[in-house]
Amino acid sequence: MIFESRPNVTIDAFSLAFKTNNAIILRGGKDALNTNKALVKVVRASLKSSGITEDAIQLLEDPSHALAEELMSATDYIDVLIPRGGAKLIQTVKEKAKVPVIETGIGNIHIYIDETADLDMATQIVINAKTQRPSVCNAAESLVIHEAVAERFIPQLEEAISAVHPVAFRADPVVINLFKEATLASQEDYGMEYLDYIMSVKMVSSLDQAISWINTYSSHHSEAIITQSLAAAERFQEQIDAAAVYVNASTRFTDGFVFGLGAEIGISTQKIHARGPMGLEALTSSKFYINGNGQIRN
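Counting in our numbering, the sequence shown runs without a single skipped number right up to 385 at its last residue.
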């Protein structure tokens with residue numbers, strides 16, 4: 088597993104791997120190297136005292152890119168590689184790895200405010216999804232608004248969210264005029280995982296346009312619609328290509344514990360092998376035991 092600066096991943100990843108009878112090799116970021124060394128030292132000592140091979144967990148103490156690339160090519164020794172971190176890390180692993188990769192994608196997450204939305208509910212959901220913990224992958228990064236409610240919703244949201252924490256809005260040329268304070272969005276903004284108090288804004292004229300826009304820029308992690316229309320909710324959930332699709336709820340719930348899966352090693356945004364929060368089940372493969380007494384197949 089290649090990950091960045093969060094040393095809690097060291098313990099989470101080992102625990103899941105050990106429970107599913109997998110050995111794990113960890114390559115963390117250089118800024119948490121000393122912490123990771125200390126954690127792995129404790130785990131290895133615990134394994135040894137229990138009569139279990141210490142090599143069930145191994146830490147690459149050299150944080151160089153060259154060694155990381157060597158790890159990505161070790162097809163004779165590694166069954167699967169899981170990158171966990173920002174867009175640059177994940178893209179690098181996808182491009183260079185020869186070992187099979189499970190992509191735990193970035194969270195360029197959209198919330199679509201439908202023309203039938205309860206605007207008070209929408210306001211609270213957007214505030215929670217954007218400001219409660221903006222540095223995580225299930226935080227909202229982009230707001231898509233139906234033109235029928237934009238004039239009422241934007242002033243309401245702008246006032247309410249500023250009371251919690253100021254958010255820098257980057258809006259399209261049409262909707263920007265409805266904000267008291269916003270900057271013009273660039274094309275790059277719509278594909279950006281900010282991990283900060285920043286949010287891009289796009290105004291649309293229909294549900295079809297919203298779905299098309301979101302599917303174009305989505306990282307396939309989590310997406311949400313706020314609506315009072317059952318038909319709109321069902322179409323959105325069916326047609327949006329994401330691991331988790333919400334109706335009238337914050338995207339902050341995309342999490343292994345919240346979904347009842349326990350601890351997670353990452354949130355997969357791909358469709359092969361695992362999708363969504365990856366817990367114990369996702370790390371367990373099948374093996375069939377067949378015992379007979381001479382049966383043959385005709």
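Ideal Cβ placement from N, Cα and C applies to all residues, glycine included.
Hey, could you find the ends of the alpha helix (DSSP H) residue i is sitting in?
| i | result |
| --- | --- |
| Val130 | 120-136 |
Compare the C-alpha of residue i against each of the options and name the closest.
| i | options | result |
| --- | --- | --- |
| Ile196 | Glu202, Val291, Ala216 | Ala216 |
| Val291 | Val231, Gly363, Gln178, Asn108 | Val231 |
| Val129 | Thr314, Gly366, Ile98, Tyr333 | Ile98 |
| Phe266 | Thr179, Asp276, Ala255, Gln274 | Ala255 |
| Leu294 | Ala318, Ile165, Asn380 | Ala318 |
| Gly39 | Ser102, Phe90, Ser92 | Absent from the model: residue 39. The displayed extent of the chain is 88 to 385, so no value can be given. |
| Arg339 | Ile263, Val213, Phe375 | Val213 |
| Thr107 | Ile352, Pro221, Arg171 | Ile352 |
| Val145 | Ser151, Asn109, Leu176 | It is Gln, not Val, that sits at residue 145 in the sequence shown. Per the Cα distances, Asn109. |
| Lys183 | Gly173, Ile193, Thr191, Leu168 | Leu168 |
| Ile89 | Pro364, Thr179, Ala235, Val334 | Thr179 |
| Leu120 | Ile193, Leu147, Gln211 | Leu147 |
| Glu156 | Ala143, Ser137, Lys185 | Lys185 |
| Ile111 | Glu141, Lys135, Asp118, Ser92 | Glu141 |
| Ala235 | Arg220, Ala204, Ala226 | Ala204 |
| Cys224 | Gln315, Met159, Ile354, Lys289 | Ile354 |
| Ala330 | Thr122, Gly363, Ile359 | Gly363 |
| Thr314 | Tyr333, Lys124, Asp328, Gln326 | Tyr333 |
| His152 | Gly115, Lys124, Leu134 | Gly115 |
| Ser299 | Asn378, Glu245, Gln324 | Gln324 |
| Ser337 | Ile327, Gly343, Ala311 | Ala311 |
| Ile263 | Ala237, Gln274, Ala247 | Ala237 |
| Leu143 | Arg131, Thr341, Ala297 | One detail in the question is off: residue 143 reads as Ala in this sequence, not Leu. That would be Arg131, whose Cα lies nearest to the Cα of Ala143. |
| Ser316 | Glu202, Gly343, Lys374, Ile177 | Glu202 |
Run through the DSSP bridge pairs and tell me what residue i is partnered with.
| i | result |
| --- | --- |
| Val288 | Leu230, Ala258 |
| Phe105 | None, per the DSSP bridge assignment. |
| Ser355 | Gly363 |
| Arg114 | Ile89 |
| Thr270 | Arg257 |
Start and end of the beta strand (DSSP E) containing residue i?
| i | result |
| --- | --- |
| Val332 | 331-334 |
| Leu146 | 144-146 |
Quick one: residues in its chain with C-beta nearer than 7 Å to the C-beta of residue i, no 5 flanking neighbours on either side, listed in chain order?
| i | result |
| --- | --- |
| Phe240 | Ile200, Leu206, Ala209, Ile232 |
| Leu126 | Pro94, Thr97, Ile98 |
| Thr122 | Pro94 |
| Ala361 | Ile189, Ser355, Ala369 |
By Cβ distance, which residues of its chain are closer than 6 Å to residue i, with the 5 residues on each side in sequence left out?
| i | result |
| --- | --- |
| Arg257 | Thr270, Ala272, Asp276, Ser287 |
| Ile193 | Ala174, Glu280, Ser306 |
| Ser160 | Lys185 |
Looking only at its own chain, which residues have a Cβ that is under 8 Å from the Cβ of residue i, when we skip the five neighbours before and after it?
| i | result |
| --- | --- |
| Tyr304 | Asn195, His197, Ser229, Tyr277, Gly278 |
| His252 | Thr218, Tyr284 |
| Pro260 | Leu271 |
| Lys117 | Pro150 |
Would you say residue i faces chain C, with C-beta separation under 8 Å as the test?
| i | result |
| --- | --- |
| Ala297 | Chain labels in this structure do not include chain C; a single protein chain is all it has. |
Which whole runs of the beta strand (DSSP E) in the stretch 157-243 are 3 residues long or more, in chain order?
Here the runs fully enclosed are 196-200, 227-233.
Every unbroken alpha helix (DSSP H) within the stretch 289-320, with a cutoff of 4 residues, ordered by chain:
Listed in chain order, the complete alpha helix (DSSP H) runs (minimum 4 residues) inside the stretch 289-320 are 294-304.
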